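In our numbering, the protein residues as written are 7 to 258.
Now the structure itself:
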(Lines of atoms letter the chains of each structure in order from A; the text may use other names.)
(Lines give C-alpha, C1' and ligand atoms only; values in the text may rest on other atoms or scores of the structure.)
Protein backbone atom coordinates (compact mmCIF):
# COMPACT_ATOMS: atom_id res chain seq x y z
CA UNK A 7 0.00 0.00 0.00
CA UNK A 8 1.49 3.32 -1.09
CA UNK A 9 0.28 5.02 2.11
CA UNK A 10 2.49 2.70 4.17
CA UNK A 11 5.62 3.22 2.10
CA UNK A 12 6.74 6.37 3.92
CA UNK A 13 6.36 4.62 7.29
CA UNK A 14 8.35 1.50 6.47
CA UNK A 15 10.68 2.42 3.60
CA UNK A 16 13.24 5.10 2.85
CA UNK A 17 13.19 6.78 -0.55
CA UNK A 18 15.75 8.82 -2.51
CA UNK A 19 14.02 12.12 -1.65
CA UNK A 20 11.37 13.54 0.63
CA UNK A 21 8.89 16.34 0.06
CA UNK A 22 8.28 19.16 2.50
CA UNK A 23 4.68 20.18 3.32
CA UNK A 24 5.17 22.89 0.68
CA UNK A 25 6.01 20.23 -1.92
CA UNK A 26 9.72 20.97 -2.17
CA UNK A 27 11.91 17.96 -3.00
CA UNK A 28 14.75 17.57 -0.46
CA UNK A 29 17.66 15.08 -0.20
CA UNK A 30 16.97 11.93 1.81
CA UNK A 31 18.76 8.70 0.91
CA UNK A 32 20.10 10.46 -2.18
CA UNK A 33 22.33 13.36 -1.13
CA UNK A 34 23.30 14.57 -4.60
CA UNK A 35 21.94 14.35 -8.15
CA UNK A 36 23.80 15.02 -11.36
CA UNK A 37 23.62 14.25 -15.05
CA UNK A 38 25.55 11.23 -16.28
CA UNK A 39 25.75 11.94 -19.98
CA UNK A 40 23.18 13.75 -22.08
CA UNK A 41 20.02 11.96 -20.90
CA UNK A 42 21.11 9.75 -17.98
CA UNK A 43 20.94 10.51 -14.26
CA UNK A 44 23.32 9.79 -11.37
CA UNK A 45 22.34 9.61 -7.69
CA UNK A 46 24.88 9.71 -4.85
CA UNK A 47 23.57 7.95 -1.74
CA UNK A 48 23.96 8.43 1.98
CA UNK A 49 26.28 5.98 3.75
CA UNK A 50 25.34 4.15 6.96
CA UNK A 51 21.65 3.30 6.38
CA UNK A 52 20.59 -0.24 7.28
CA UNK A 53 17.51 -2.31 6.66
CA UNK A 54 15.73 -3.75 9.71
CA UNK A 55 17.56 -7.06 9.25
CA UNK A 56 20.95 -5.35 9.45
CA UNK A 57 21.75 -5.41 5.72
CA UNK A 58 23.24 -2.21 4.32
CA UNK A 59 21.21 0.03 2.04
CA UNK A 60 23.51 0.69 -0.90
CA UNK A 61 23.47 1.66 -4.55
CA UNK A 62 22.81 -1.99 -5.32
CA UNK A 63 19.57 -1.76 -3.34
CA UNK A 64 18.29 1.21 -5.34
CA UNK A 65 19.44 -0.24 -8.68
CA UNK A 66 17.68 -3.51 -7.83
CA UNK A 67 14.51 -1.63 -6.90
CA UNK A 68 14.39 0.34 -10.15
CA UNK A 69 15.21 -2.69 -12.31
CA UNK A 70 12.46 -4.61 -10.55
CA UNK A 71 9.96 -1.83 -11.30
CA UNK A 72 10.76 -1.70 -15.03
CA UNK A 73 10.97 -5.49 -15.43
CA UNK A 74 7.99 -6.42 -17.69
CA UNK A 75 7.77 -9.85 -16.05
CA UNK A 76 7.24 -8.30 -12.62
CA UNK A 77 4.29 -6.13 -13.76
CA UNK A 78 4.84 -3.28 -11.32
CA UNK A 79 2.04 -0.67 -11.14
CA UNK A 80 4.83 1.93 -11.35
CA UNK A 81 6.32 0.57 -14.57
CA UNK A 82 4.58 2.99 -16.94
CA UNK A 83 5.90 5.91 -14.91
CA UNK A 84 9.46 4.82 -15.71
CA UNK A 85 8.95 3.71 -19.32
CA UNK A 86 11.82 6.00 -20.36
CA UNK A 87 14.31 4.18 -18.11
CA UNK A 88 16.30 1.37 -19.72
CA UNK A 89 18.14 0.17 -16.62
CA UNK A 90 19.77 1.17 -13.35
CA UNK A 91 23.45 0.42 -12.68
CA UNK A 92 25.35 0.54 -9.38
CA UNK A 93 28.59 2.38 -10.26
CA UNK A 94 29.95 1.72 -6.78
CA UNK A 95 28.41 1.03 -3.37
CA UNK A 96 26.90 4.50 -3.08
CA UNK A 97 26.51 5.73 -6.66
CA UNK A 98 23.69 4.75 -9.03
CA UNK A 99 23.33 5.57 -12.72
CA UNK A 100 19.93 5.48 -14.38
CA UNK A 101 20.31 4.83 -18.11
CA UNK A 102 17.44 6.36 -20.07
CA UNK A 103 16.07 5.53 -23.52
CA UNK A 104 15.13 9.16 -24.13
CA UNK A 105 15.21 12.46 -22.24
CA UNK A 106 13.26 12.20 -18.97
CA UNK A 107 13.42 15.61 -17.26
CA UNK A 108 10.83 14.60 -14.63
CA UNK A 109 12.84 11.58 -13.50
CA UNK A 110 14.12 13.03 -10.23
CA UNK A 111 10.62 13.96 -9.10
CA UNK A 112 9.18 10.62 -10.22
CA UNK A 113 11.92 8.58 -8.52
CA UNK A 114 11.84 10.69 -5.39
CA UNK A 115 9.38 8.56 -3.46
CA UNK A 116 10.34 5.10 -4.75
CA UNK A 117 10.56 2.76 -1.70
CA UNK A 118 14.06 1.25 -1.66
CA UNK A 119 14.17 -2.54 -1.24
CA UNK A 120 16.75 -4.90 0.24
CA UNK A 121 18.07 -6.79 -2.80
CA UNK A 122 19.15 -9.92 -0.91
CA UNK A 123 15.89 -10.24 1.05
CA UNK A 124 13.58 -9.56 -1.89
CA UNK A 125 15.52 -11.94 -4.13
CA UNK A 126 15.26 -14.81 -1.65
CA UNK A 127 11.48 -14.79 -1.05
CA UNK A 128 8.32 -15.21 -3.12
CA UNK A 129 5.96 -12.36 -3.91
CA UNK A 130 3.27 -13.87 -1.65
CA UNK A 131 5.69 -14.04 1.26
CA UNK A 132 6.94 -10.50 0.69
CA UNK A 133 3.39 -9.13 0.57
CA UNK A 134 2.89 -10.26 4.15
CA UNK A 135 6.48 -9.78 5.35
CA UNK A 136 7.99 -6.56 3.98
CA UNK A 137 11.57 -5.51 4.73
CA UNK A 138 12.38 -1.81 4.81
CA UNK A 139 14.71 0.71 6.42
CA UNK A 140 12.17 3.36 7.35
CA UNK A 141 11.09 4.97 10.64
CA UNK A 142 8.73 2.13 11.61
CA UNK A 143 9.33 -1.62 11.51
CA UNK A 144 6.67 -4.03 10.33
CA UNK A 145 4.98 -5.93 13.14
CA UNK A 146 1.93 -7.82 11.94
CA UNK A 147 -0.56 -7.74 9.10
CA UNK A 148 -4.07 -8.30 10.44
CA UNK A 149 -5.85 -9.21 7.23
CA UNK A 150 -8.97 -7.19 6.63
CA UNK A 151 -8.14 -4.89 9.56
CA UNK A 152 -4.74 -3.23 9.34
CA UNK A 153 -1.01 -3.29 9.97
CA UNK A 154 0.84 -3.00 13.29
CA UNK A 155 4.18 -1.17 13.33
CA UNK A 156 6.79 -0.18 15.91
CA UNK A 157 9.25 2.71 15.95
CA UNK A 158 12.59 1.76 14.40
CA UNK A 159 15.05 2.37 17.22
CA UNK A 160 17.98 1.96 14.83
CA UNK A 161 16.75 4.37 12.19
CA UNK A 162 19.47 6.64 10.78
CA UNK A 163 17.27 9.74 11.25
CA UNK A 164 15.71 10.87 14.56
CA UNK A 165 13.54 8.12 16.07
CA UNK A 166 9.78 8.83 15.78
CA UNK A 167 8.13 10.02 19.02
CA UNK A 168 5.33 7.46 18.51
CA UNK A 169 6.39 4.02 19.74
CA UNK A 170 3.52 1.91 18.38
CA UNK A 171 1.45 2.64 15.30
CA UNK A 172 -1.49 0.80 13.76
CA UNK A 173 -2.68 1.57 10.26
CA UNK A 174 -6.29 0.64 9.52
CA UNK A 175 -7.27 0.09 5.90
CA UNK A 176 -10.68 1.80 5.96
CA UNK A 177 -11.80 2.34 2.37
CA UNK A 178 -15.03 4.28 2.91
CA UNK A 179 -14.55 7.97 3.73
CA UNK A 180 -17.66 8.11 5.91
CA UNK A 181 -16.41 5.18 7.97
CA UNK A 182 -12.97 6.79 8.37
CA UNK A 183 -14.49 10.01 9.66
CA UNK A 184 -16.83 8.11 11.99
CA UNK A 185 -13.87 6.16 13.40
CA UNK A 186 -12.09 9.42 14.23
CA UNK A 187 -15.13 11.00 15.86
CA UNK A 188 -15.74 7.84 17.89
CA UNK A 189 -12.13 7.75 19.13
CA UNK A 190 -11.30 4.49 17.37
CA UNK A 191 -8.57 6.21 15.35
CA UNK A 192 -6.35 9.20 16.11
CA UNK A 193 -5.50 10.43 12.60
CA UNK A 194 -7.23 9.91 9.26
CA UNK A 195 -6.24 10.89 5.73
CA UNK A 196 -8.00 11.56 2.43
CA UNK A 197 -10.79 13.44 4.19
CA UNK A 198 -13.59 14.65 1.89
CA UNK A 199 -13.99 18.42 1.98
CA UNK A 200 -17.61 18.09 3.09
CA UNK A 201 -16.42 16.36 6.28
CA UNK A 202 -14.05 19.17 7.35
CA UNK A 203 -16.61 21.29 9.21
CA UNK A 204 -17.99 18.27 11.08
CA UNK A 205 -14.48 17.27 12.16
CA UNK A 206 -13.56 20.78 13.31
CA UNK A 207 -16.83 21.19 15.26
CA UNK A 208 -15.99 17.97 17.12
CA UNK A 209 -12.76 19.59 18.34
CA UNK A 210 -10.33 17.98 15.92
CA UNK A 211 -7.78 19.78 13.78
CA UNK A 212 -8.16 19.41 10.04
CA UNK A 213 -5.44 20.56 7.69
CA UNK A 214 -4.51 20.17 4.05
CA UNK A 215 -1.47 20.61 1.88
CA UNK A 216 -0.74 21.01 -1.79
CA UNK A 217 -0.37 17.70 -3.61
CA UNK A 218 1.41 16.68 -6.80
CA UNK A 219 -1.74 15.63 -8.61
CA UNK A 220 -2.96 17.87 -11.42
CA UNK A 221 -6.55 17.60 -12.66
CA UNK A 222 -7.20 18.90 -16.16
CA UNK A 223 -9.40 18.52 -19.22
CA UNK A 224 -7.50 17.57 -22.35
CA UNK A 225 -8.49 18.35 -25.93
CA UNK A 226 -7.92 16.26 -29.03
CA UNK A 227 -6.01 18.89 -30.98
CA UNK A 228 -6.41 16.99 -34.24
CA UNK A 229 -10.16 17.64 -34.30
CA UNK A 230 -11.96 20.87 -35.09
CA UNK A 231 -12.46 23.27 -33.45
CA UNK A 232 -9.85 22.27 -30.86
CA UNK A 233 -7.05 22.36 -33.41
CA UNK A 234 -7.41 26.13 -33.11
CA UNK A 235 -5.29 27.54 -30.31
CA UNK A 236 -7.68 30.46 -29.82
CA UNK A 237 -10.60 28.09 -29.22
CA UNK A 238 -8.62 26.20 -26.58
CA UNK A 239 -7.68 29.48 -24.90
CA UNK A 240 -11.32 30.59 -24.96
CA UNK A 241 -12.39 27.36 -23.25
CA UNK A 242 -9.76 27.94 -20.60
CA UNK A 243 -10.93 31.51 -19.95
CA UNK A 244 -14.54 30.31 -19.74
CA UNK A 245 -13.76 28.22 -16.65
CA UNK A 246 -14.46 30.10 -13.41
CA UNK A 247 -11.59 28.69 -11.34
CA UNK A 248 -12.16 31.16 -8.49
CA UNK A 249 -15.76 30.03 -7.94
CA UNK A 250 -14.85 26.37 -8.32
CA UNK A 251 -12.20 26.77 -5.63
CA UNK A 252 -14.45 28.71 -3.27
CA UNK A 253 -17.53 26.50 -3.56
CA UNK A 254 -16.44 23.01 -4.52
CA UNK A 255 -12.97 23.08 -3.00
CA UNK A 256 -14.05 25.24 -0.03
CA UNK A 257 -11.07 27.52 -0.44
CA UNK A 258 -8.57 24.70 -0.04
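Quick reminder that beta carbons are idealized off the backbone N, C-alpha and C, glycines included. Fair warning: this is a prediction, and the values are worked out from it, not measured in the lab.
Residue 154 to residue 30 span [Cα, whole Å]: Going by C-alpha positions, residue 154 is about 25 Å away from residue 30.
Residue 18 vs residue 87 beta-carbon contact at 8 Å: No, the pair does not count as a contact, with Cβ atoms beyond the cut-off.
Spatial neighbours of residue 66 in its chain, beta-carbon cut-off 6 Å, leaving aside the 5 residues before and after: The answer, listed in chain order, is 121.
Element boundaries [beta strand (DSSP E), containing residue 211]: The continuous stretches of beta strand (DSSP E) do not include residue 211, and DSSP gives it neither H nor E.
Extent of the continuous alpha helix (DSSP H) to which residue 168 belongs: No residue range can be given for residue 168, since it is assigned to no alpha helix (DSSP H) and is classified by DSSP as neither H nor E.
Completely contained alpha helix (DSSP H) runs for the region 126 to 150, where each covers 4 or more residues: Runs found: 129 to 134.
Beta-carbon spacing of residue 63, residue 70 below 8 Å: No; because the gap between Cβ atoms is not below 8 Å, this pair is not in contact.
Length of the line joining the Cα atoms of residue 248 and residue 256: Roughly 10 Å between the two C-alpha positions.
Top-ranked residue by Cα proximity to residue 175, from 111, 25 and 195: Looking at the Cα atoms, 195 is the closest of the given residues.
Reduced DSSP category for residue 36 - H, G, I as helix; E, B as strand; rest coil: Of the three classes helix, strand and coil, the one that applies to residue 36 here is strand, per DSSP.
DSSP three-state assignment for residue 90, whether helix, strand or coil: If DSSP states are grouped into helix, strand and coil, residue 90 belongs with the strands.
Limits of the unbroken beta strand (DSSP E) element including residue 71: Membership of residue 71 in any beta strand (DSSP E) is not indicated; the residue belongs instead to the alpha helix (DSSP H) covering 61 to 72.
Segment contact, 8 Å Cβ cut-off, at least three pairs: the region 147 to 164 with the region 101 to 115: Output reads no: the region 101 to 115 does not touch the region 147 to 164.
Buried versus exposed call for residue 151 [16 or more other C-beta atoms within 10 Å across all chains shown]: With fewer than 16 Cβ atoms within 10 Å of its Cβ, residue 151 is classed as exposed.
Beta-carbon proximity check, residue 181 vs residue 201, cutoff 8 Å: Going by C-beta atoms, residue 181 is not nearer than 8 Å to residue 201.
Reduced DSSP secondary structure (H/G/I, E/B, other) of residue 186: Residue state, collapsed to three classes: helix.
Alpha helix (DSSP H) segment containing residue 111, residue limits: Segment 109 to 113, the alpha helix (DSSP H) holding residue 111.
Contact test: residue 32 Cβ vs the ligand MN heavy atom, cutoff 7 Å: With respect to small molecules bound, the structure shown includes none, and the ligand MN cannot be examined in it.
One or two residues paired with residue 174 in a DSSP bridge: Its beta-bridge partners are 152.
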